[in-house]
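Q: Residue numbers (the working numbering): -3 to 85.
By construction, the Cβ of each residue, glycine as well, lies at the ideal position given by its N, Cα and C atoms.
On a predicted model such as this, the values are computed, not experimentally measured, just so you know.
Pasting the structure below:
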């Protein structure tokens, strides 16, 4: 069975949506790495992958990304989209 790509959460220090996403992943025992979206390295990595956003969070699994408009609707985390990304759908 192929190993699932690692998840990366690009977040900012004062970001309620970032906290909600990280709490959801932790609550469901989904491991992830966190990257500080305010760092030049993280912004460069996102831009190299064609991701040009002004807000956080961004969730990455392999070469697939979910940006805030994908992750949240009316201020609520779209858990189905997160699971689809994780499962590679």
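Can you give me the start and stop residues for the alpha helix (DSSP H) that residue 39 sits inside?
A: 36 to 44
Q: The alpha helix (DSSP H) with residue 25 in it runs from where to where?
A: Where residue 25 is concerned, there is no enclosing alpha helix (DSSP H), given that its DSSP letter is neither H nor E.
Q: What three-state label does DSSP hand residue 20 in the structure shown?
A: helix
Q: Among 24, 52 and 19, whose alpha-carbon lies nearest the alpha-carbon of residue 10?
A: 52
Q: CA-CA distance, residue 47 and residue 4?
A: 14 Å
Q: Name the two residues that bound the continuous beta strand (DSSP E) containing residue 47.
A: Here residue 47 belongs to no beta strand (DSSP E), and DSSP marks it neither H nor E.
Q: Between 17, 66, 57 and 32, which lies nearest to residue 84 when the distance is taken from Cα to Cα?
A: 57
Q: Count the C-beta pairs between the stretch 67 to 80 and the stretch 8 to 23 that are closer than 8 Å, then say yes if the count reaches three, no if not.
A: yes
Q: Could you check whether residue 59 and residue 33 sit closer than 8 Å to each other, using their CB atoms as the reference points?
A: no
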